[in-house]
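These notes are about the structure you will find just below.
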Amino acid sequence: MAVYQFIVIIVLAFLAGTVFTSLEIPILQNKQFRQFIREDGPQSHLKKEGTPTMGGIAIYAAIFLVCMIGSKPTKEILVILLVGLAFGLIGFLDDFIKVTAKHNLGLRAWQKLVLQILVGVLFGLFVMKFSELGSQVWIPFMNDYVDFGIWYVPFIAFVMVAMANSVNLTDGLDGLCGGVTAIFALFFAIVANIVHVYPSAVYLLCVCGACLGFLVFNKYPAKVFMGDTGSMALGGGVTAAIIATKTELLIPFAGLVFVAEAVSVIMQVTYFKATGGKRIFRMAPLHHHFELGGMKEPHVVIMFWVWTAVMCLIAYGIMQIG
Numbered sequence: 170m171a172v173y174q175f176i177v178i179i180v181l182a183f184l185a186g187t188v189f190t191s192l193e194i195p196i197l198q199n200k201q202f203r204q205f206i207r208e209d210g211p212q213s214h215l216k217k218e219g220t221p222t223m224g225g226i227a228i229y230a231a232i233f234l235v236c237m238i239g240s241k242p243t244k245e246i247l248v249i250l251l252v253g254l255a256f257g258l259i260g261f262l263d264d265f266i267k268v269t270a271k272h273n274l275g276l277r278a279w280q281k282l283v284l285q286i287l288v289g290v291l292f293g294l295f296v297m298k299f300s301e302l303g304s305q306v307w308i309p310f311m312n313d314y315v316d317f318g319i320w321y322v323p324f325i326a327f328v329m330v331a332m333a334n335s336v337n338l339t340d341g342l343d344g345l346c347g348g349v350t351a352i353f354a355l356f357f358a359i360v361a362n363i364v365h366v367y368p369s370a371v372y373l374l375c376v377c378g379a380c381l382g383f384l385v386f387n388k389y390p391a392k393v394f395m396g397d398t399g400s401m402a403l404g405g406g407v408t409a410a411i412i413a414t415k416t417e418l419l420i421p422f423a424g425l426v427f428v429a430e431a432v433s434v435i436m437q438v439t440y441f442k443a444t445g446g447k448r449i450f451r452m453a454p455l456h457h458h459f460e461l462g463g464m465k466e467p468h469v470v471i472m473f474w475v476w477t478a479v480m481c482l483i484a485y486g487i488m489q490i491g
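For the sequence shown, our numbering begins at 170 and goes up steadily by one.
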C-alpha cells in the first residue's frame with residue numbers, strides 16, 4: 170500500500186469516528202448510559218461520574234464502515250471484524266449490566282474470561298485449520314518461524330485474552346487508551362504492509378483513525394468514555410489483525426504500556442495478598458500510580474503516548490534485525 174492510501178484510510182476513519190461519536194453522545198445521554206466510578210479509585214475521578222459511556226459503539230461502527238469502503242470484503246478482513254465485534258459484545262454486555270444496575274460491577278471476571286477464551290479458541294482454530302496461515306509463529310531475533318503445533322490454539326487464545334484485558338485496564342484516564350491504541354495500531358499497520366498482509370493493514374489503519382476521531386471527544390476532560398465495549402473490541406480486533414501477520418511476538422515490545430498496565434495489577438494483587446495488605450504501587454493499574462504521585466492526568470496520558478511511540482520504534486528495530 171502506498172503512503173497516500175494510508176493517509177486516505179486514516180482520514181476517512183477519523184472523520185467517521187468523529188461524526189459517529191458526536192451522534193452517539195446525545196443518544197447515550199438520553200438513554201442515561203452513564204459511567205459509574207469505582208469508590209476505591211482516585212478521588213479526583215469521582216467528578217467524572219455521569220459521563221456517557223459505551224462510546225466504543227461509535228469507534229467500531231467507524232472501523233467497520235471504513236474497512237468495507239477501504240478494502241474488498243475478503244474472508245480475512247471479515248473474520249477480523251467479526252472477532253473484534255465478538256469481544257466488543259462481551260464488553261457491551263458488561264457495560265450494559267453496569268448502567269442498568271447503576272454500579273461499576275458488570276459481568277463476573279470468570280464469565281468474561283470464559284467468553285473471551287471461547288472467542289480466542291475459535292479464532293485460533295480458524296487460523297490453524299481454515300486459513301493459509303497455519304500454526305507457525307515468527308520469532309524475533311531468530312528471524313525464523315516455529316511451528317507451535319497443537320499448542321498454537323491455546324497460545325493464540327492466551328494472546329487474545331491477555332491483550333483484550335490489558336487494553337481494557339489501560340482505559341482508565343481521559344484519552345489514554347484511545348491514544349495508545351492509535352499509535353500501536355499505526356505501527357502494526359506498517360508491519361502488516363511490510364509483510365504484505367493488506368487486510369490487516371487496512372483494519373489497523375481504520376482502528377488508528379477511528380481512535381483519533383474518538384479522541385476529539387475523549388481527550389481531557391472527556392465528554393464520553395469508550396467503556397468495555399470499546400476497549401474489548403479494540404483489544405480483540407487489533408490482536409486478531411496482528412496474529413494474521415504472524416508478528417504477535419512483537420506485541421510485548423510495541424505494546425509495553427498495555428503489558429505494564431496488566432502486570433502492575435497482577436503484582437499489586439499478588440503482593441497485597443502475600444503480605445497481608447502491603448502495596449507495591451500507590452494504586453493499580455500503573456497510570457493511577459503516577460496520578461496519585463502528583464502528576465496531572467493529561468501529563469500521565471502524554472507520557473504513556475510517548476512511551477508507546479518509543480517502544481514502537483524499538484519494536485521496528487527488532488523486526489529489522491530479525
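Just so you know, even glycine gets a beta-carbon here, dropped at the ideal spot from N, CA and C.
Cβ neighbours of L425 within its own chain (closer than 6 Å, five residues either side excluded): M480.
If you ignore the 5 residues before and after A182, its C-beta comes within less than 6 Å of the C-beta of A231, V235, C375, G378 and A379, all in its own chain and listed in chain order.
Taken in chain order, the complete beta strand (DSSP E) segments of 3 residues or longer contained in the region 223-308 are 305-308. Closest option to T222, judged by alpha-carbon separation, among V407, V366, Q198 and N312: Q198. Rounded to the nearest angstrom, the gap between the Cα atoms of V349 and T477 is 6 Å. Nearest neighbour of G289 by Cα position, chosen from M329, W474 and F427, turns out to be M329. The residues S433, F450, R451 and M452, in chain order, have a CB closer than 8 Å to that of H458 in the same chain once the five nearest residues on each side in sequence are set aside.
The closest CA to that of F327, considering only F386, G293 and K216, is found on G293. Rounded to the nearest angstrom, the gap between the Cα atoms of V248 and N312 is 27 Å. The Cβ atoms of I487 and P309 lie closer than 8 Å to each other. Inclusion of F383 and G224 in the CB contact set at 8 Å is warranted, their separation being smaller than that value. Under a 10 Å Cβ-count criterion, L250 is classified as buried, with 16 or more other Cβ atoms of the shown protein chains found around its own Cβ. Beta-bridge annotation (DSSP): D313 is paired with I308. A direct Cα-to-Cα measurement between Q437 and R448 gives close to 6 Å. By the C-beta density criterion, A402 is buried, having at least 16 other C-beta atoms within 10 angstroms. The residue among G347, L258 and V360 with its C-alpha nearest the C-alpha of L381 is G347. According to the DSSP secondary-structure assignment, R203 is paired through a beta bridge with P221. Secondary structure at L342: coil, using DSSP grouped into helix, strand and coil. By the criterion of at least three beta-carbon pairs nearer than 8 Å, the region 385-399 is in contact with the region 175-191.
Residues of the same chain with a CB within less than 6 Å of the CB of S369, apart from the 5 flanking positions on each side, are A361, A410, A413 and T414 in chain order.
By the Cβ neighbour-count rule, P454 is buried, with 16 or more other Cβ atoms within 10 Å of its own. Distance from the CA atom of W307 to the CA atom of V364, rounded to whole angstroms, is 11 Å. In the DSSP annotation of this structure, the continuous segment of the alpha helix (DSSP H) that includes A410 starts and ends at G396 to I412.
The beta carbon of V371 sits closer than 7 Å to those of I178, C236, G239, S240 and I246, all from its chain and outside the five residues before and after it, given in chain order. Inclusion of V475 and H456 in the CB contact set at 8 Å is not warranted, their separation being larger than that value. Sequence-distant Cβ neighbours of G462 in its own chain, meaning closer than 7 Å and more than five residues away, are R451.
The residue from P323, T269 and G406 with its alpha-carbon nearest to that of F256 is G406.
C-alpha of E417 to C-alpha of G318: approximately 16 Å in a straight line. F356 places its beta carbon less than 8 Å from that of A423. Taking 8 Å as the cut-off, the beta carbon of S400 is found no closer than this to the beta carbon of D343. In the structure shown, the three-state DSSP call for P195 is helix. Across the structure, A354 and M395 are spaced so that their CA atoms are roughly 17 Å apart. By the beta-carbon neighbour count (other beta carbons within 10 angstroms, threshold 16), L274 is exposed.
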